[in-house]
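**Q** In the UniProt record's numbering, the protein residues as written are 1 to 762. Just so it is clear, CB atoms sit at the ideal spot from N, CA and C, and this is done for glycine as well. Following this message is one structure expressed as structure tokens.
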């Protein structure tokens, strides 16, 4: 053996010898020295960190806003019970760093720069003061493991502006997607395709702190599983004494192992969380009794006498009282909701008494029943009791799994959902029709799918680093190499005709109408005489289009601007003005105005159509479709983007200020437990936990997907007045800044395409 080969053998850890055999030596060195940015350390993120560490990546930074919850422990394997309440990125980085194999450079260069470093950043990737273009430009590539559209848009735009390759991935049940987005590769960007309004919600939110109707629908489905399912333990609401005791003892043992004193245990947030998690709920005994009376899970069928229905009603009342009153009071007594905006209100005893009222008529059995009506708490209780009686009297057991097409199951879930909403004061309540639309699109998380797509992401990273190594600083050549070497890969549930479960395809071309990477125009319909500039900023420009620090230009003049060096009072007078009353002629029917965001190197033109009446298409009982006028929102609050159905999105308190709301924080978590898809999957599989073509959205299920309008409208109507511009328009100022900082042509090139939307659930 030569001296050179001996040095190489001794310097390469055994775990990397396989990579050394498969990859050229220069590429392995590139892997060992390249900086990687990982955004998200939840389901996919944990798998990615493990893969990166064991593949030899030694310089990784991890960004995540979330903290560890008990519900994460069964899938996100880098976390333990003692970590509950701690930042995910910190714990995951430490765990992954411990996996990085030691390495001594063959050339003897073992400086500090070669030491492994996994650096966590507990923060929101939407924070432009820290996570901006200069920050991204220090990395060789970016890996996304996010679960919401807002954060994905942000990362997509930052990577395009910085010219850094982005590897997107996501999962939806058994489906998964991985793709590569790069400015110079001539491929689609994340926003080239219309995104299904997908959502991912943590189990702890579903169980304890719901804030949206969809949370309550999911909870109702889990209650169905608890009451009627063949395997009661599969419900997230199920508890037994043994598991609770083991969970509590495990937390105590781990605290002892860390040498904590009793005082430290009492103040430690993770210990307190585990103590709370170990508390037995008040409803399990009553639910078991109710299941027994309905003959669910009984080895020997029970005999039913004339008192059976009366006993069943009493058992139903006890179970529902425990679920909607006793358990809520217990949680309130534990100060679980001391920081909540609204303290839950248990269902009243007067309403609960209707459970034993034999004269109560379920709303679905009334002559004037309509599937769009909203039930009162008493109606919901009577409906749920009727479901229990129906199952008890049926000759065959209920479906073990919820099916939105099963009438009884849908009635039960609708009633449970609305009772949950009444308790937590969540509006609007759901009709059976509304609840069915939400309940039919919930996908459980599959941990192994996360592992598969994370592995595919690292393989794509190898291709990207190889291209960077081969072509150096030649961006065009690197982009061409990435386009040729990388693939958009689908993880399928069913095999293809050739027997494959992984299907790679070429990276798709960009959408010529994408307003992010192709400067296309967007069409927007709304009531220009009712909408104010403040409403437009909060609901459309920031929430739907994802602008962080927008500048609005009407007739070439700035009517609103945000930024670190901008006085917020300068344009404050324009915020309450109606769109038609804005300076420079206003924004009325046929107008085109511009929106720019220098922080994301993003600009778009919006073509406006005035609209004051709205109609939606519904299907009647006879199957015929007709146009009807919706009555659930004020006409003045509706809008549509790209010609889709009306959207009525309630603004968050902080939206106008560009600050993430609490809901945004929840949505930017990567701890997926439950995912909701508002659009049925199409031929092209979609993914979301990591990132894919049908990403999870934030907010409620009413929010419509953004579409890009294809035709560019005729020139806007001329502005009737003009603002004496005291400031130079942003476009010119941008060019001035570019000349100071870098070549103008390079700055203009800072847009490109990426395109992946991912879906993930946990």
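Just verifying my parser: in three-state terms, what is the DSSP assignment at residue 91?
**A** As a first step, residue 91 is located in the chain shown; it is residue number 91 there, counting from the start. Three-state DSSP puts residue 91 in a helix.
**Q** Measure the alpha-carbon distance for residue 35 versus residue 542 and round it to whole angstroms.
**A** Within the chain shown, the letter at position 35 stands for residue 35. Within the chain shown, the letter at position 542 stands for residue 542. Answer to the nearest angstrom: the Cα atoms are 31 Å apart.
**Q** Rounded to a whole number of angstroms, what is the C-alpha to C-alpha distance between residue 19 and residue 284?
**A** For the purposes of this step, residue 19 is taken as residue 19 along the chain shown, with counting starting at 1. For the purposes of this step, residue 284 is taken as residue 284 along the chain shown, with counting starting at 1. Whole-angstrom Cα-Cα distance: 52 Å.
**Q** Quick check: what's the CA-CA separation for residue 713 versus residue 607?
**A** Within the chain shown, the letter at position 713 stands for residue 713. Within the chain shown, the letter at position 607 stands for residue 607. The predicted model places residue 713 with a pLDDT of 30, which falls under 50 and marks its position as unreliable; any figure quoted below should be read in that light. In a straight line, the C-alpha of residue 713 is about 7 Å away from that of residue 607.
**Q** In this structure, does DSSP put residue 224 in helix, strand or coil?
**A** One-based indexing of the chain shown puts residue 224 at position 224. The answer is helix: DSSP assigns residue 224 an H, G or I state.
**Q** Quick check on the DSSP output: what are the complete alpha helix (DSSP H) runs of length 4 or more inside the segment 316-357, in order along the chain?
**A** Segments of the alpha helix (DSSP H) lying fully in the segment 316-357: 327-333 and 349-352.
**Q** Is the beta carbon of residue 163 sitting closer than 8 Å to the one on residue 475?
**A** Position 163 of the chain shown, counting from 1, holds the residue named residue 163. Position 475 of the chain shown, counting from 1, holds the residue named residue 475. Yes, these two residues count as a Cβ contact at 8 Å.
**Q** What does the Cβ neighbour count give for residue 500, buried or exposed, with the cut at 16 atoms within 10 Å?
**A** If you number the chain shown from 1, residue 500 lands on position 500. So residue 500 ends up on the exposed side.
**Q** Just to confirm, are residue 39 and residue 70 a CB contact at a threshold of 8 Å?
**A** To locate residue 39, count along the chain shown from 1; it is residue 39. To locate residue 70, count along the chain shown from 1; it is residue 70. For residue 39 and residue 70, no; Cβs fall outside 8 Å.
**Q** Going by other Cβ atoms of all chains shown within 10 Å of its Cβ, with 16 needed for buried, is residue 689 buried or exposed?
**A** For the purposes of this step, residue 689 is taken as the residue at position 689 of the chain shown. At residue 689 the pLDDT is 41, less than 50, meaning the model places this residue with poor confidence and gives no usable figure here.
**Q** Less than 8 Å between C-beta atoms, sequence neighbours within five positions excluded: which residues of the same chain meet that for residue 59?
**A** The residue you call residue 59 lines up with position 59 of the chain shown. Same-chain partners within the cutoff: 33, 34, 35, 36, 116 and 117.
**Q** For residue 452 and residue 220, I'd like the C-alpha separation in whole angstroms.
**A** Position 452 of the chain shown, counted from the start, is the residue given in the question as residue 452. Position 220 of the chain shown, counted from the start, is the residue given in the question as residue 220. Distance between the alpha carbons of residue 452 and residue 220: 31 Å.
**Q** So residue 46 packs on residue 92, CB below 8 Å; how close in whole Å?
**A** Your numbering for residue 46 matches position 46 in the chain shown. Your numbering for residue 92 matches position 92 in the chain shown. That pair is a contact at about 6 Å.
**Q** Checking the sheet assignment: what are the DSSP bridge partners for residue 594?
**A** Numbered from its first residue, the chain shown carries residue 594 at position 594. Residue 594 is bridged to 553 and 605.
**Q** Taking the alpha-carbon positions, what's the residue 456 to residue 615 distance?
**A** Here residue 456 is taken as the residue at index 456 of the chain shown, counted from 1. Here residue 615 is taken as the residue at index 615 of the chain shown, counted from 1. For residue 456 and residue 615, the distance between alpha carbons rounds to 45 Å.
**Q** Taking the alpha-carbon positions, what's the residue 17 to residue 103 distance?
**A** Taking the chain shown and counting its residues from 1, the one referred to as residue 17 is at position 17. Taking the chain shown and counting its residues from 1, the one referred to as residue 103 is at position 103. If you take the alpha carbons of residue 17 and residue 103, they lie about 12 Å apart.
**Q** Just to check my reading of the structure: residue 41 and residue 145 have Cβ atoms closer than 8 Å, yes? What is that Cβ distance to the nearest angstrom?
**A** Numbered from 1 along the chain shown, position 41 holds the residue referred to as residue 41. Numbered from 1 along the chain shown, position 145 holds the residue referred to as residue 145. Confirmed, about 7 Å.
**Q** Which of the three DSSP states, helix, strand or coil, is assigned to residue 639?
**A** In the chain shown, counting from the first residue as 1, residue 639 sits at position 639. Strand, per DSSP.
**Q** Closest by CA to residue 411, which one among 30, 370, 183 and 480?
**A** By 1-based counting over the chain shown, the position of residue 411 is 411. Cα-wise, what sits closest to residue 411 is 370.
**Q** Residue 589 and residue 528 - do their beta-carbons sit closer together than 8 Å?
**A** Here residue 528 refers to the residue found at position 528 of the chain shown. Here residue 589 refers to the residue found at position 589 of the chain shown. Yes.
**Q** Taking all protein chains shown into account, decide if residue 742 is buried (16 or more other Cβ within 10 angstroms of its Cβ) or exposed.
**A** If you number the chain shown from 1, residue 742 lands on position 742. At residue 742 the pLDDT is 38, less than 50, meaning the model places this residue with poor confidence; the figure from the coordinates comes in the next sentence. Looking at its Cβ environment, which holds fewer than 16 other Cβ atoms inside 10 Å, residue 742 is exposed.
**Q** Please classify residue 313: does DSSP put it in a helix, a strand, or coil?
**A** Along the chain shown, one-based indexing puts residue 313 at 313. In this structure, residue 313 counts as helix in the three-state DSSP scheme.
**Q** Start and end of the alpha helix (DSSP H) containing residue 156?
**A** Here residue 156 refers to the residue found at position 156 of the chain shown. Here the alpha helix (DSSP H) through residue 156 covers 149-162.
**Q** Is the segment 213-229 touching the segment 402-420, taking contact as three or more C-beta pairs under 8 Å?
**A** Touching, yes.
**Q** Which residue from 562, 434, 237 and 383 puts its Cα closest to that of residue 363?
**A** Mapped onto the chain shown, residue 363 falls at position 363. For the residues 562, 434, 237 and 383, the minimum Cα distance to residue 363 belongs to 383.
**Q** When the Cα atoms are used, what is the spatial distance from residue 594 to residue 564?
**A** Stepping through the chain shown from its first residue, residue 594 is reached at position 594. Stepping through the chain shown from its first residue, residue 564 is reached at position 564. Distance between the alpha carbons of residue 594 and residue 564 is about 20 Å.
**Q** Could you give the first and the last residue of the continuous alpha helix (DSSP H) run that contains residue 377?
**A** Taking the first residue of the chain shown as position 1, residue 377 is located at position 377. From DSSP, the alpha helix (DSSP H) with residue 377 extends over 377-393.
**Q** Which first and last residues belong to the alpha helix (DSSP H) in which residue 166 is found?
**A** Position 166 of the chain shown holds residue 166. Not the alpha helix (DSSP H): residue 166 falls in the beta strand (DSSP E), residues 166-172.
**Q** How would you label residue 165, buried or exposed, when you count the other beta carbons within 10 angstroms and need 16 or more for buried?
**A** Here residue 165 refers to the residue found at position 165 when the chain shown is read from its first residue. By the 10 Å Cβ count, residue 165 comes out buried.
**Q** Pick out whichever of 601, 507 and 580 has its Cα sitting closest to the Cα of residue 551.
**A** As a first step, residue 551 must be located in the chain shown, where it is residue number 551. Checked all of 601, 507 and 580; the closest Cα to residue 551 is 601.
**Q** Tell me, which residues are paired with residue 532 by DSSP?
**A** Locating residue 532 in the chain shown gives position 532, where the first residue counts as 1. Residue 532 is bridged to 578.
**Q** Candidates 532, 561 and 478: which alpha carbon is nearest residue 183's?
**A** Taking the first residue of the chain shown as 1, we reach residue 183 at position 183. Of the candidates 532, 561 and 478, the one whose C-alpha sits nearest the C-alpha of residue 183 is 478.
**Q** How big is the Cα-Cα spacing for residue 207 and residue 560?
**A** The count along the chain shown starts at 1 and reaches residue 207 at position 207. The count along the chain shown starts at 1 and reaches residue 560 at position 560. Rounded to the nearest angstrom, the two C-alpha atoms are 42 Å apart.
**Q** Is residue 504 buried or exposed, if buried means 16 or more other CB atoms sit within 10 Å of its CB?
**A** Taking the chain shown and counting its residues from 1, the one referred to as residue 504 is at position 504. Burial call: exposed.
**Q** Quick one, are the C-beta atoms of residue 224 and residue 424 less than 8 Å apart?
**A** For the purposes of this step, residue 224 is identified with residue 224 of the chain shown, where counting begins at 1. For the purposes of this step, residue 424 is identified with residue 424 of the chain shown, where counting begins at 1. Taking 8 Å as the Cβ cut-off, residue 224 and residue 424 do not qualify as a contacting pair.
**Q** Going by beta carbon distance, what residues of the same chain come within less than 7 Å of residue 374, once the five residues before and after it are set aside?
**A** Within the chain shown, numbered from 1, the residue matching residue 374 stands at position 374. Counting only Cβ-Cβ distances below 7 Å, and skipping sequence neighbours, we find 429 and 431.
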